Structures are given as structure tokens and as C-alpha cells.
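For reference, the structure is listed below as C-alpha cells.
Residue numbers (this note's numbering): 42 to 129.
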């Protein structure tokens with residue numbers, strides 16, 4: 042198991058926690074916070090995919106576990122990021 046796989050195993054739950062924490066703290070009237078939340082959720086999902094395609098093993102796909110974890114994060118953070126901010 043590579044360091045990237047370990048990072049992804051920790052990144053998905055910890056990233057979800059921090060994304061949900063940021064969403065709960067957002068003001069429903071602040072457009073800047075909503076835009077930054079959208080950009081953050083997109084980058085959290087696309088970042089590992091870009092890394093896997095461009096950096097790891099010279100553009101190769103890497104291990105099967107890495108591909109599965111990147112696919113999970115690619116769809117998971119778009120689902121989590123698409124949620125509306127909760128009202129307090």
C-alpha cells in the first residue's frame with residue numbers, strides 16, 4: 042500500500058468532516074462563502090483525480106485501490122458539496 046492510498050483513506054472521512062463543519066458555519070446570506078464552499082468541494086473531489094492522472098507513475102492509473110479511492114472521492118465530495126447550508 043502506497044502513501045497515496047493511506048492519504049486517501051484518511052482524506053475521505055476527514056475531508057468530509059471539515060467540509061460539513063464549514064457548511065454548518067456558513068451564513069446563508071454570504072455569496073462569497075457559498076462560492077468558496079463550492080470551489081473547495083470541487084477541488085477536494087478533483088484534486089486526487091488530477092494527481093493520479095498526471096503525477097503518479099508517469100500518467101498511469103496506479104494501483105486498483107488508488108483508482109477506487111479516487112473514484113469514491115470524486116463522486117463523494119460532489120455529493121457532500123451539493124448539499125445546502127443548514128439553518129441554525
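Where is the CB? At the ideal position from N, CA and C, for every residue including glycine.
Just so it is clear, the structure is predicted and the values come from calculations on it, not from any experiment.
- Taking 7 angstroms as the cut-off, the beta carbon of residue 67 is found no closer than this to the beta carbon of residue 110.
- From the listed residues 104, 51, 86 and 107, the smallest Cα separation to residue 120 is found for 86.
- For residue 104, the secondary structure class from DSSP, reduced to helix, strand or coil, is coil.
- In the three-state reduction of the DSSP assignment, residue 78 falls in the helix class.
- Burial state of residue 51 is exposed, judged by a 10 Å Cβ sphere holding fewer than 16 other Cβ atoms.
- Ranked by Cα distance from residue 118, the first of 108, 88 and 76 is 88.
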